[in-house]
Every structure is written in C-alpha cells, then in structure tokens.
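The structure appears below as structure tokens.
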Amino acid sequence: MGAAAAAAGINKLKATLAEGGTASIIVATGVSQFQVLDLLARSDLPWNKITVFHLDEYVGLPITHGASFRKYLWERFVTKLPLPPAAFHYLDGEGDVEAECDRVSELISSTSIDVAFVGVGENGHLAFNDPPADFETEKPYIVVDLDDACRRQQLGEGWFPDFESVPDRAISMSIRQIMKSASIICTVPDERKAEAIKNATQGPVTPEVPASILQNHSDCQLFLDQAAASLR
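Heads up: the sequence shown at position 163 corresponds to 229 in the numbering used here, and the numbers run straight through without jumps.
Structure follows, in structure tokens:
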C-alpha cells in the first residue's frame, strides 16, 4: 500500500519535473504516511527543485512534544532527504495561529500544488477538517476545532498519554485548498478506518464525511490495505 502510493506520487513528480523543472507537494503525517514518506525520501527525486507544504499541526503543542507534526516531519522525512528541499513550509501552532494561517496561506496562494499526499481519519476527516467540514471557505489554512472522535484516534495511536492531553484545536489546510492540487495520493490503512472509507467512497459527498469530497477530484488515487477496504 505505502510502496504503491509512494511510487504513484514519484511518477507524478518526475513527469512534472520533466515538463517544468520544479514541483510543489503537500505532505501529511500520522501512521498512514510512515512508509510513503520513507520511500519518497529514499527516491532519486531532485529535492532541491521541490517545495513542500505542511498539511496540518496542533495548536499549542511545542515542537519538542512527541506528537508534534513538525518534529515528525523533521525526523521522519526532512533529515532523510539526500538534498534539502527548495523550501519546506512548516506550520507553527505555538504562537499567533491566525497570523500563521495568513503567512502560509499567502505562500501557498502563489503556488500550484502538483501532488498532495494525504490520509483519512477514523471520523472521515481530511487533514484536520473534522465533520461537518467547511467545504466553502477559500482561505488556504484555517484554525479548526477537533472533535472527540479525532482526539480519541490520536490517543489510540499512542501519541498522547491521556485524552485530556490531546489538543482540541489545530491549524489545517482547508478542503478547497487540498482540492486545488493537481493530483492527490490518499493512503489509508487499518480496519478502524474501514467505515470511514466506505462512507467516503460509496456515500454522498457531504461535509459530514469530509473525505467524500475526494469523489469530485479528477485525479485522486486511493491506496488501501485489505483491512481498510474490508467494507467496500
């Protein structure tokens, strides 16, 4: 699953680089992205020609925390690259988060995203857009409230010692910004996400199942393991 997703993304990026010389991507975090990011980093892509945008980050969580997505991306991806990327736009959730949204929104608004690497949450969320997701906002990055289902997932995956420690807000790339990506590579493992995948792929497109919006994308590839696909 992860290997197939990484290979698909690498092929997309090589075609983009051959045509235009540069590329821009979005990277996600979480368990679903472990192998994808590892294989991307070990590929022969010219990273000094690739700009990277960060999908989402908790509000108020220090970069030293084990669940920090900045820490995750630095340790699991950036430090593994053979060349520094052309730019890597991290999200900082520790200061003025509205100002941080404005800063990164301005950067991505002047960029065409070639490939977005994303996952789907147990509650059907896309990035940290929990249901009911905002399908209308044009702002690229927004501050969102995290619902209990999302927070329980983070606890269950072992990122936090108890439920109260899980942040209840995050900076997230918006739905419309994700959908502007030329290609989307969506990787989803585990039986605990099977219902979300069934609803996102077989049900109606609705803010109550945020990932269902991917049905409307012209170039979205969904990579599942057998457990995640068990209800399809």
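C-beta atoms are modelled at their ideal positions from N, C-alpha and C, and glycine is treated no differently.
Quick caveat: nothing in here was measured; it's all calculated off a predicted structure.
When C-beta atoms of the stretch 236-249 are compared with those of the stretch 188-203, three or more pairs fall below 8 angstroms, so the two segments count as touching. An exposed status is given to L149, since fewer than 16 other beta-carbon atoms sit within 10 Å of its beta-carbon.
Here V186 is buried, its C-beta having at least 16 other C-beta atoms within 10 Å. Secondary structure in the stretch 181-238: the alpha helix (DSSP H) runs of 4 residues or longer, each lying completely within the stretch, are 214-222 in chain order. Nearest C-alpha to D234 among I250, A294 and R217: R217. With a cut-off of 8 angstroms on Cβ pairs, the stretch 212-229 is not in contact with the stretch 176-184, counting fewer than three such pairs. In the three-state reduction of the DSSP assignment, D104 falls in the helix class. With fewer than 16 other Cβ atoms inside 10 Å of its own Cβ, G222 counts as exposed.
The three-state reading of DSSP puts A266 in helix, counting H, G and I together. Per DSSP, the unbroken beta strand (DSSP E) holding V254 starts and ends at S249 to V254.
Shown here for L79: same chain residues with a beta carbon closer than 8 angstroms to its own, the five before and five after excluded, namely A89, I91, L111, I116, D180 and V181 in chain order. By the neighbour-count definition (other C-beta atoms within 10 Å, threshold 16), K146 is an exposed residue. Take L280, set aside five residues on each side of it, and the residues of its chain with a beta-carbon closer than 6 angstroms to its own are C286, in chain order.
Beta-bridge pairing by DSSP links H155 to F119. In this structure Y207 is in contact with V170, their Cβ atoms being roughly 5 angstroms apart against a cut-off of 8 angstroms.
Under the three-state reduction of DSSP output, L147 falls in the coil class, being neither helix nor strand.
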